[in-house]
Amino acid sequence: MAQGAMGDPGRRVRIVDIKVTPIAFRDPPLRNAAGVHEPYALRSIIEITASNGQTGLGEGYGDAASLMALEAVAPRLIGLEITDLNGLRNSIGETLAGLPPPPPGQELAPGSDPARQGASCLSAIEVPLLDLQAKTAGLPLHALLGGAVRREVPFSAYLFFKFDRHIDTPDRPDSWGEAATPDQIVAQARRMITRHGFRGIKLKGGTLPPTIEVASIEALAEAFPGYPLRIDPNGAWSMETAISVAARLGHLIECYEDPVDGLDAMAELHRQTGLPLATNMVVTCFDHVRQSVAKHAVQIVLSDHHYWVAWGQASISPRSAQPSGLAFPCIRTCTWASA
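Residue numbers (my numbering): 165 to 503.
Here is the structure:
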């Protein structure tokens with residue numbers, strides 16, 4: 165009956181309301197190559213109500229520029245059929261083309277990119293529409309995306325070097341304390357794994373001297389034998405440093421994530437080390453995939469659909485990448501906000 169309602173031209177299910185709710189939640193003083201996380205992370209919750217009474221849920225960025233885009237697009241989507249994703253794409257493009265460019269300094273740091281505002285807006289709205297389609301059809305969402313690839317997805321603990329408090333809240337220390345040594349990183353991992361049961365570990369690098377970061381991975385390998393490990397310095401290292409680190413850690417890590425910046429540099433590093441390289445920085449659209457394959461630059465593309473593509477495209481990515489030998493997982497680390 166629900167499936168018929170989606171297919172009957174006289175009973176098309178349409179959008180009747182869109183609610184965009186900005187939220188802010190505490191973010192610890194985590195360090196990365198760009199500096200340190202701000203005290204609050206900003207997101208938006210998207211609720212779309214359809215003419216059949218169902219509600220679809222999604223999320224997006226919550227900085228001022230992203231909210232401006234979402235709030236401009238939302239009224240223009242009232243009456244759109246929940247299956248009309250091409251209409252959604254066209255409406256977003258037309259609406260954003262008429263908006264003034266966002267003022268500088270309003271983007272997240274690090275986070276949303278004004279140049280990718282359309283993709284971020286599309287992702288934030290497409291997901292609740294897909295949620296609505298699945299609920300209306302009485303199916304799990306994966307059935308609309310081609311079926312489940314697997315029944316379980318392992319998550320990794322996401323470790324950061326960090327300060328013990330934010331600079332503007334000196335009277336409110338973070339409960340996790342400082343992490344600036346290998347021993348402190350191991351303690352952080354042990355606490356996360358004890359609490360959540362993770363069976364893999366990622367360390368954010370590019371912040372302290374590489375010798376400390378290398379020693380931290382070695383300490384993690386000793387403390388958690390058999391756990392998949394990876395390190396991500398966000399492209400902050402020179403080629404010389406990246407090659408030196410690869411010589412030390414190549415036998416310990418499952419992949420090497422964004423050690424250097426740029427496709428050409430990644431290709432050269434892969435040629436010299438043979439290590440599988442992962443990225444969510446230098447391959448962020450299908451054009452980049454083609455370039456990466458031609459250069460043999462990246463073997464694992466981490467497809468964060470909020471930033472890179474919407475779910476409809478992300479679900480196609482693994483199949484289109486198979487002939488080239490690329491792995492195309494979605495990012496599967498547990499963020500600190502949810503840890």
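Every residue, glycine too, gets a C-beta built ideally from N, C-alpha and C. For clarity, every value in this text was computed on a predicted model and none was experimentally measured.
Under three-state DSSP, which class holds residue i?
i, result
"VAL447", "coil"
"GLY199", "strand"
"VAL428", "Reading off the sequence, residue 428 comes out as Asp, not Val. ASP428: helix per DSSP, three-state reduction."
"ALA400", "coil"
"ARG315", "coil"
"ASP295", "helix"
"ASP347", "helix"
"SER339", "coil"
"SER215", "coil"
"PRO186", "strand"
"ALA406", "helix"
Within this structure, are the beta carbons of residue i and residue j separated by less than 8 angstroms?
i, j, result
"SER208", "ALA288", "yes"
"THR375", "GLN297", "no"
"ALA400", "LEU439", "no"
"LEU286", "LEU234", "no"
"ALA236", "ILE179", "no"
"LEU241", "ILE187", "no"
"MET430", "ALA461", "yes"
"SER284", "TYR204", "no"
"PRO318", "GLY364", "yes"
"LEU416", "ALA385", "yes"
Quick one: what's got a C-beta closer than 6 angstroms to residue i's C-beta in the same chain, skipping five residues either side?
i, result
"LYS368", "ASN196, PHE324 and ASP396"
"LYS366", "SER320, TYR322, ARG394 and THR497"
"VAL200", "PRO193"
If you draw a straight line from the C-alpha of residue i to the C-alpha of residue j, how long is it?
i, j, result
"HIS470", "ILE212", "17 angstroms"
"ALA406", "LEU441", "11 angstroms"
"GLY414", "LEU303", "43 angstroms"
"ALA166", "VAL184", "With a pLDDT of 39 at ALA166, under the threshold of 50, the modelled position of this residue cannot be trusted; read the value that follows with caution. Cα to Cα, the separation comes out at about 27 angstroms."
"GLU342", "GLN348", "7 angstroms"
"PHE388", "MET356", "12 angstroms"
"ALA307", "GLU404", "47 angstroms"
So, for residue i: in the same chain, excluding its five sequence neighbours on each side, which residues have a beta-carbon less than 8 angstroms away from its beta-carbon?
i, result
"MET445", "ASN398, GLY399, ASP422 and ASP425"
"ILE480", "Residue confidence for ILE480 is low, a pLDDT of 48 falling below 50, so the modelled location carries little weight and cannot support an answer."
By Cβ distance, which residues of its chain are closer than 7 angstroms to residue i, with the 5 residues on each side in sequence left out?
i, result
"VAL378", "VAL409, ARG412 and LEU413"
query: Any contact of the region 184-194 with the region 314-332, i.e. 3+ C-beta pairs under 8 angstroms?
result: With the cut-off at 8 angstroms, the region 184-194 and the region 314-332 touch.
query: Between the region 218-226 and the region 252-264, do three or more beta carbon pairs fall short of 8 angstroms?
result: no
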